[in-house]
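The listed protein sequences correspond, in order, to chains C and W.
Mapping the first sequence onto my numbering, position 11 (from 1) lands on 11, and the numbers just tick up by one.
Mapping the second sequence onto my numbering, position 36 (from 1) lands on 104, and the numbers just tick up by one.
2 protein chains.
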Amino acid sequence: MAMTLRLTEEDNARLDELATAEGRSKQEVLRLALVDRWARLHKQEQLDEVLGRVLPRYRGLLDELGPV
Amino acid sequence: MAMTLRLTEEDNARLDELATAEGRSKQEVLRLALVDRWARLHKQEQLDEVLGRVLPRYRGLLDELGPV
């Protein structure tokens with residue numbers, strides 16, 4: 001899959017800086033940035049799912065403890 | 069600045085998923101992923117700089133405290 005990515009001068013400078021700092025190509029930096037963002041989305045979804053399952057179970061206890 | 073970004077099928081699917089989940093264009097998702105990665109690089113550099121400046125000042129105290 002190829003797509004044309006349009007970057008502002010500022011964002012292109014950031015990409016250059018990252019590529020230099022990481023010793024990676026701009027392609028690879030963008031790929032890793034994408035994979036990171038995708039992994040964070042899934043971590044957030046998993047956390048939401050676990051909290052949605054666990055919090056109701058402890059609601060009574062949490063209510064007894066009162067506000068922090 | 070325009071560049072051609074080549075993505076594997078898997079990475080392209082991740083990008084599609086992010087765009088849908090965030091309600092943003094693929095261009096915008098990539099831009100935000102890039103800016104996030106750049107911000108993290110700078111936070112890490114700032115942390116390294118502060119630790120490099122602060123830790124030596126407390127070396128004597130840390131040595132007295134001994135290993136954790």
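Glycine included, every Cβ here is placed at the ideal spot set by N, Cα and C.
Model, not experiment: these values are computed from the prediction.
{"query": "Taking the beta strand (DSSP E) that Leu-75 of chain W falls in, what are its first and last residues?", "result": "Here Leu-75 of chain W belongs to no beta strand (DSSP E), and DSSP marks it neither H nor E."}
{"query": "For the alpha helix (DSSP H) that Pro-56 of chain C lies in, which residues bound it at each end?", "result": "26-57"}
{"query": "Would Lys-94 of chain W count as contacting chain C if we go by Cβ distances under 8 Å?", "result": "yes"}
{"query": "Which of the residues in the stretch 39-62 of chain C, read from start to end, lie with their CB under 8 Å from any CB of chain W?", "result": "Leu-41"}
{"query": "Since Ala-89 of chain W meets chain C, which of its residues come closer than 7 Å, beta carbon to beta carbon?", "result": "Leu-41"}
{"query": "CA-CA distance, Ala-2 of chain C and Asn-80 of chain W?", "result": "9 Å"}
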